[in-house]
Amino acid sequence: MTDTLIARPHARLPLPGPLPNRLQLTEDGQLRHMLTIEGLNRELMTEILDTAESFANMNEKAVKKVPLLRGKTIVNLFFEASTRTRTTFELAAKRLSADVLNVNISTSSAVKGESLLDTLRNIEAMNVDMFVVRHEESGAAHFIARHVMPGISVLNAGDGRHAHPTQALLDMFTIRRHKGDFTKLKVAIVGDILHSRVARSQIHALNILQTGEVRVVAPCSLLPADVDQLGVQVYNDLDEGLKDVDVIIMLRLQRERMEHAHLPSEHEYYQLFGLTARRLQLAHPTCLVMHPGPANRGVEIESAVADGPHSVILEQVTYGISVRMAVMSMVMGAHQA
Amino acid sequence: MTPDVPTLLDDMAEQARHYLKARGIDNPIVVGIHSGGVWIAEHLRERLGIERPLGRLDISFYRDDFSRIGMHPQVRPSELPEDLDGEHVLLVDDVLYTGRTIRAALNELFDYGRPASVALAVLVERDGRELPIEAAIAGAHMELGEAEQIKLRGPEPLRLERVAIDPEDLDA
Chain A
1 MTDTLIARPH ARLPLPGPLP NRLQLTEDGQ LRHMLTIEGL NRELMTEILD
51 TAESFANMNE KAVKKVPLLR GKTIVNLFFE ASTRTRTTFE LAAKRLSADV
101 LNVNISTSSA VKGESLLDTL RNIEAMNVDM FVVRHEESGA AHFIARHVMP
151 GISVLNAGDG RHAHPTQALL DMFTIRRHKG DFTKLKVAIV GDILHSRVAR
201 SQIHALNILQ TGEVRVVAPC SLLPADVDQL GVQVYNDLDE GLKDVDVIIM
251 LRLQRERMEH AHLPSEHEYY QLFGLTARRL QLAHPTCLVM HPGPANRGVE
301 IESAVADGPH SVILEQVTYG ISVRMAVMSM VMGAHQA
Chain B
338 MTPDVPTLLD DMAEQARHYL KARGIDNPIV VGIHSGGVWI AEHLRERLGI
388 ERPLGRLDIS FYRDDFSRIG MHPQVRPSEL PEDLDGEHVL LVDDVLYTGR
438 TIRAALNELF DYGRPASVAL AVLVERDGRE LPIEAAIAGA HMELGEAEQI
488 KLRGPEPLRL ERVAIDPEDL DA
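Order-wise, the sequence lines are chains A and B. By the numbering used here, the letter at position 252 of the first sequence is numbered 252, and the numbering carries on one by one without gaps. Numbers given in the numbering used here equal positions in the second sequence, counted from 1, plus 337.
Next comes the structure, spelled out in structure tokens:
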């Protein structure tokens with residue numbers, strides 16, 4: 001497995017199954033790694049959101065920093081390009097007073113043929129406390145979590161098309177701040193579900209928080225084979241899928257992950273599945289529009305909607321910092337307990 | 338016998354009036370430390386007739402024992418409704434014991450600004466200080482020794498309770 005992660009980056013490994021929680025949680029149920037939303041319980045997820053809430057008003061302070069992780073070293077280990085996720089993880093770590101090291105593997109050792117495990121051992125030898133991992137291969141963060149030294153935490157910042165748990169958590173945080181109770185909400189996730197680790201994590205999170213109705217809206221060619229097992233209502237028609245929803249989560253059309261012709265053309269996709277101001281009127285009048293970014297304007301979302309009054313897309317970015325601070329402080333705390 | 342809380346609050350208010358008057362401070366910002374300190378701060382603010390909104394501090398992110406005991410399970414947001422720069426602050430807690438909570442609270446306060454002065458008011462000051470921190474205003478003084486602890490229960494009614502010490506709470 002070690003070398004396959006580097007040598008066959010595009011191999012279609014099966015997604016890691018329901019995670020044995022003993023990898024992710026301590027014996028007494030505290031979070032020690034954040035690898036996937038799957039298998040978390042409602043109490044723990046609520047605790048993460050509550051902790052994030054207490055970080056969210058830190059912007060009022062003259063000094064936007066707390067000394068919680070002073071002296072800890074956090075490594076951003078990114079095997080895949082990312083701006084938003086990496087920078088918000090970095091800022092979260094800095095606001096907790098940790099030291100941050102950014103390692104961009106696609107431009108370093110991997111190119112020289114160093115295996116993932118070798119890279120890991122080398123950075124471990126620098127006495128670090130946490131890895132934030134993004135990798136194009138599903139299951140990469142689990143792999144690292146299984147092999148790191150005890151005492152080091154691993155946060156999954158996106159692995160292949162499997163999971164992106166902190167993105168889902170910040171989305172839940174954004175929804176909770178605006179809507180409160182999940183049990184009465186109708187949430188539609190629209191777009192490229194097949195390639196989206198974000199959608200997978202969001203669906204798990206929404207179900208754990210007992211959301212009233214979770215819909216996925218996509219053409220059949222962009223739905224995963226196991227969509228029936230995800231606990232969602234499937235719609236192939238956008239107008240129907242948007243009817244009366246309280247939250248619309250648009251997904252980015254992941255052109256770089258598309259191996260075959262999943263779509264006739266971007267123009268046709270926009271005609272059928274693009275969120276326009278006209279279509280938005282089908283949703284509930286106080287509907288939120290969300291997007292994990294970066295948005296393809298004119299492909300999945302109209303600019304007027306992305307920048308419109310229903311959009312909370314930039315709030316999502318802001319809250320991403322608080323949520324990542326919460327997860328970082330909780331996993332570091334769990335090792336101490 | 339544990340002392341009656343309302344009586345202690347009356348006494349604290351009296352001491353606070355003298356303290357503030359002697360220093361010519363007429364409108365301090367009252368800041369309570371979660372959770373017992375906030376309860377006491379609310380009563381004290383009412384007794385002193387201070388109209389400025391109450392500040393609340395949760396010092397969990399400033400504790401010095403995070404690396405030993407990890408994250409406190411219930412952290413509430415700190416709220417300081419007003420700018421602290423140049424203001425006189427009356428910092429309120431329920432029990433002053435080791436002094437570590439107050440050290441953490443001072444650090445957090447200074448991340449919000451630079452107050453002109455900070456005075457500490459506590460319901461009970463007991464023995465066991467580990468840091469050079471003392472209260473300007475204290476409702477009661479108690480000698481308890483290492484095996485015992487005094488806790489404030491509330492919010493309604495507020496009452497003090499003596500309990501055998503829980504080693505996890507040593508820094509309370």
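Ideal placement from N, C-alpha and C gives every residue a C-beta, glycine not left out.
Under a 10 Å Cβ-count criterion, Glu424 of chain B is classified as buried, with 16 or more other Cβ atoms of the shown protein chains found around its own Cβ.
Partner residues in the beta bridge of Ile249 of chain A, as assigned by DSSP, are A:Ile189, A:Met290. Closer than 8 Å to the CB of Met172 of chain A there is not a single CB belonging to chain B. In the three-state DSSP reduction, His135 of chain A falls in the strand class (E or B).
Closest by C-alpha distance to Ala304 of chain A, out of A:Ser322, A:Val317, A:Arg279, is A:Arg279. The beta-bridge partner set that DSSP reports for Tyr235 of chain A consists of A:Val217. DSSP places Arg297 of chain A within a strand segment (E or B) once states are collapsed to three.
At a cut-off of 8 Å between beta carbons, Ser153 of chain A makes no contact with chain B. Checking the DSSP bridge columns, you'll see His425 of chain B partnered with B:Ser454. Judged by DSSP in its simplified three-state form, Met130 of chain A adopts strand. Counting the other CB atoms within 10 Å of its CB gives Cys220 of chain A a total below 16, which places it among the exposed residues. Chain-ordered, the chain B residues with CB closer than 9 Å to the CB of Ala334 of chain A read Gly407, Met408. Glu268 of chain A: member of the alpha helix (DSSP H) spanning 266-273, first to last residue. Ranking A:Ile37, A:His204, A:Met58 by CA distance to the CA of Tyr449 of chain B puts A:Met58 first. Excluding residues up to 5 positions away in sequence, Val190, Gly191, Leu275, Val289, Met290, His291, Ala295, Glu300, Ile301 lie with their Cβ nearer than 8 Å to the Cβ of Met250 of chain A in the same chain.
For Gln486 of chain B, the enclosing beta strand (DSSP E) stretches over residues 485-490. Linking Lys243 of chain A to Ala225 of chain A through their CA atoms gives a straight-line distance of about 25 Å. Taking CB atoms only, Met330 of chain A has a neighbour in chain B less than 8 Å away. CA-to-CA, the gap between Val128 of chain A and Arg252 of chain A works out to about 34 Å. Just so you know, the alpha carbons of Arg382 of chain B and Glu416 of chain B end up roughly 16 Å apart. Secondary structure remark: continuous alpha helix (DSSP H) runs of at least 4 residues inside the stretch 57-128 of chain A, in chain order: 84-95, 116-124.
The beta carbon of Val66 of chain A falls within 8 Å of a beta carbon belonging to chain B, placing the residue at that interface. As the crow flies, the alpha-carbon of Gly231 of chain A is around 8 Å from that of Val214 of chain A. Our two residues, Arg354 of chain B and Leu433 of chain B, have alpha carbons roughly 20 Å apart in a direct line. Contact between Leu69 of chain A and Ile105 of chain A does not hold, since the beta-carbon distance rounds to 23 Å and is not under 8 Å. Cα atoms of Gln281 of chain A and Glu240 of chain A: separation of roughly 12 Å, rounded to the nearest angstrom. Cβ-Cβ separation between Thr36 of chain A and Asn207 of chain A: approximately 13 Å, too far for a contact (criterion under 8 Å). The C-alpha of Thr344 of chain B is placed about 18 Å away from the C-alpha of Arg499 of chain B.
Our two residues, Asp237 of chain A and Leu489 of chain B, have alpha carbons roughly 59 Å apart in a direct line. Per DSSP, the continuous alpha helix (DSSP H) segment holding Arg279 of chain A begins and ends at 277-280. Linking Leu481 of chain B to Asp464 of chain B through their CA atoms gives a straight-line distance of about 7 Å.
Of the candidates B:Leu443, B:Leu457, B:Ala458, B:Leu443 places its Cα closest to the Cα of Arg451 of chain B.
Look at Val500 of chain B here: in three-state DSSP terms it is strand. Residues of chain A with a Cβ closer than 9 Å to the Cβ of Arg413 of chain B are, in chain order, Asp50, Glu53, Ser54. Cβ-Cβ distances below 7 Å link Tyr270 of chain A to Gly298, Val299 in the same chain, with the five nearest sequence neighbours on each side left out; the list follows chain order.
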